[in-house]
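Q:
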C-alpha cells in the first residue's frame, strides 16, 4: 500500500524529482539490505556449510547429464566467484567477459590452461555482436545444463541502442537475446538464473509508461538501473509460465564491487575503502546464486533474496506484465534476425 501511494504521488512530479526520489530510495534500501544481510548471516550459524551441502546433494547437480555451464559477466565481482564455484563442482565453464585480458589475469591463479574454462569477449551493449557470438557458439558447444546471467551495468551515461536504453540493453534485453539464441543447446531440465536486484522494488513505473515504450524509457541513471531490473524480473516470471526449463532471478546481496564504478567519488570512497569491512563477501553471494540455481525446491520464475522466494511482478497488473514480456520478446526476436 505504501509503495502504491508513493508511486501515485510520484506520478505528479517532474522527471528530475522522480529520479531524485528513486536515488534516495536506492541508498535507503542499500542500507536496509546490508543490515538485513548481516543479520541473516549472524543468526544462521553454519549457513555457508549448509548451503554448500544442499548444493552438492541437489538433484540438479547429481543428475546433470552434461556438467556444462554458460555464465555472463564472468569478469565482474560476483561473476568471477560464480565461475569458481561451478569449477569447484566439476563443471565445464563457458564464460562471457567484457575484457578477456583482464579476465585471464583474474583466473590466472586457478591452474591456468588446465582449467575447463573458456572465456569469450562480448560487448552486451552491441546486439549485433551478441547475436553473432551466439550463432557461432551454438555450432561449437555441447549441451548446457546451467546458464547464469551475472552481467550488469549501473549508472552508465545516457545511451540508446536501437531504441533500447543502455541499462535495459545490458541488464535485460541482450541477455534475454542470448538465452533465446542458446536454447538449441539447453538440456530439457536446464536451470537458468539471472542476477536481479532488490532495487527493482523501488523502480518507478506506471501503466502509461509500460504500455508506451518501456525499453527506451529514461529519466536518469538510478531509475534506469532499477527499472531495467524490474523489467528483467517480470520478464523471467512470465517466461517461466511457458513451461520450459527452470528459471529464477536472484538478488545476491549488497557487494562493494565493480558495479559501482560509475558512482561519484564520495560513494566510491565509501564503497571501496569502508564498506568492504561491513558488507557481504562476494564468495558468499556467489554461493547464494549457485544454491538458488540448483536448489531442489526452486519456485519457477521467482525472485530470490537470502533464499526466500518472492514475486516481483505482483506489483504489476496482468496486462502490464504481459506488455513488459511482449516488449522484451519482440526486441529479442528483432535482434535475433540481425545479420552478421
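Residue numbers (the working numbering): 3 to 342.
Think of the CB as a built atom: it goes at the ideal place given N, C-alpha and C, for glycine as much as any other residue.
(1) For residue 9, which of helix, strand or coil comes out of DSSP?
(2) Within a Cβ cutoff of 6 Å, which residues of the same chain sit near residue 97, ignoring the five residues on either side of it in sequence?
(3) Excluding the five sequence neighbours on either side, which residues of its own chain have a C-beta within less than 6 Å of the C-beta of residue 179, listed in chain order?
(4) How many angstroms separate the CA atom of residue 107 from the CA atom of residue 17?
(5) Indicate whether residue 171 and residue 201 have their beta-carbon atoms separated by less than 8 Å.
(6) Per DSSP, residue 344 is paired with what?
(7) Over the uninterrupted alpha helix (DSSP H) stretch that includes residue 152, give me the two end residues.
(8) Applying the 10 Å Cβ sphere with the 16-neighbour rule, what's the burial state of residue 240?
(9) DSSP three-state call for residue 317: helix, strand or coil?
(10) For residue 233 versus residue 216, is the C-beta distance shorter than 8 Å?
(11) For residue 309, which of helix, strand or coil comes out of DSSP?
(12) Which residue's Cα is closest to the Cα of residue 315: 47, 156 and 203?
(13) In angstroms, rounded to a whole number, what distance separates the CA positions of residue 282 and residue 63?
(14) Using a Cβ-Cβ cutoff of less than 8 Å, which residues in the same chain neighbour residue 89 once the five nearest sequence positions on both sides are dropped?
(15) Determine the contact status of residue 195 and residue 295, defining contact as a CB-CB distance below 8 Å.
(16) List in chain order: all unbroken alpha helix (DSSP H) runs of 4+ residues lying wholly within the region 16–47.
(17) Work out the CA separation of residue 128 and residue 344 for me, nearest whole Å.
(18) Between which two residues does the beta strand (DSSP E) containing residue 248 stretch?
(19) If we require 3 or more residues per run, which beta strand (DSSP E) segments fall completely within the region 107–176?
(20) Does the beta-carbon of residue 267 have 16 or more other beta-carbons within 10 angstroms, so that it is buried, or is it exposed?
(21) Quick check: residue 252 and residue 300, are their CB atoms within less than 8 Å of each other?
(22) Ends of the alpha helix (DSSP H) at residue 242?
(23) Would the region 272–279 and the region 316–335 be scored as touching if the rule is three or more Cβ pairs under 8 Å?
(24) Note down the Cα distance separating residue 45 from residue 278, rounded to an integer number of angstroms.
(25) For residue 200, name the three-state secondary structure that DSSP assigns.
(26) Helix, strand or coil: which one does DSSP assign to residue 76?
(27) Do you know how far the Cα of residue 43 is from the Cα of residue 340?
(28) Assign residue 160 to one of two classes, buried (16 or more other C-beta atoms within 10 Å of its C-beta) or exposed (fewer than that).
(29) Count the other CB atoms, across all protein chains shown, that sit within 10 Å of the CB of residue 24; report buried if there are 16 or more and exposed otherwise.
(30) Does the count of Cβ pairs from the region 47–63 and the region 138–146 closer than 8 Å reach three?
(31) Leaving out five residues on either side along the sequence, give the residues of the same chain with a beta carbon under 6 Å from the beta carbon of residue 71.
A: In short, the structure shows the following:
(1) The answer is helix: DSSP assigns residue 9 an H, G or I state.
(2) The beta carbon of residue 97 sits closer than 6 Å to those of 73, 76, 85 and 121, all from its chain and outside the five residues before and after it, given in chain order.
(3) Excluding sequence neighbours, residue 179 sits near 132, 334 and 337.
(4) Roughly 42 Å between the two C-alpha positions.
(5) Result no, Cβ atoms of residue 171 and residue 201 do not sit closer than 8 Å.
(6) Residue 344 cannot be examined here, being either before or after the span of the chain that is shown, 3 to 342.
(7) Element bounds for residue 152: n/a, residue is neither H nor E.
(8) Its Cβ being crowded by 16 or more others within 10 Å, residue 240 is buried.
(9) Reduced to three states, the DSSP call for residue 317 is helix.
(10) Yes, the pair counts as a contact, with Cβ atoms nearer than the cut-off.
(11) It is coil, neither helix nor strand.
(12) Nearest neighbour of residue 315 by Cα position, chosen from 47, 156 and 203, turns out to be 203.
(13) Each residue's alpha carbon lies about 26 Å from the other.
(14) Counting only Cβ-Cβ distances below 8 Å, and skipping sequence neighbours, we find 95, 112, 117, 118 and 119.
(15) In contact: residue 195 and residue 295 (Cβ atoms closer than 8 Å).
(16) Runs of the alpha helix (DSSP H) lying entirely within the region 16–47 and spanning at least 4 residues, in chain order: 17–44.
(17) In the structure as shown, the chain begins at 3 and stops at 342. Residue 344 is therefore absent and cannot be evaluated.
(18) Element bounds for residue 248: 248–253.
(19) Correct list: 119–123 and 146–151.
(20) So residue 267 counts as exposed.
(21) Not in contact: residue 252 and residue 300 (Cβ atoms no closer than 8 Å).
(22) Start and end: 223–242.
(23) No, because fewer than three Cβ pairs between the region 272–279 and the region 316–335 fall closer than 8 Å, the two stretches do not touch.
(24) In a straight line, the C-alpha of residue 45 is about 20 Å away from that of residue 278.
(25) Residue state, collapsed to three classes: helix.
(26) DSSP places residue 76 in coil when its eight states are reduced to three.
(27) Going from the Cα of residue 340 to the Cα of residue 43 covers about 46 Å.
(28) Classification of residue 160: exposed, given that the 10 Å Cβ count is below 16.
(29) Classified as buried, residue 24 has 16 or more neighbouring CB atoms from the shown chains inside 10 Å of its CB.
(30) No, the region 47–63 does not touch the region 138–146.
(31) Sequence-distant Cβ neighbours of residue 71 in its own chain, meaning closer than 6 Å and more than five residues away, are 88, 93, 95 and 148.
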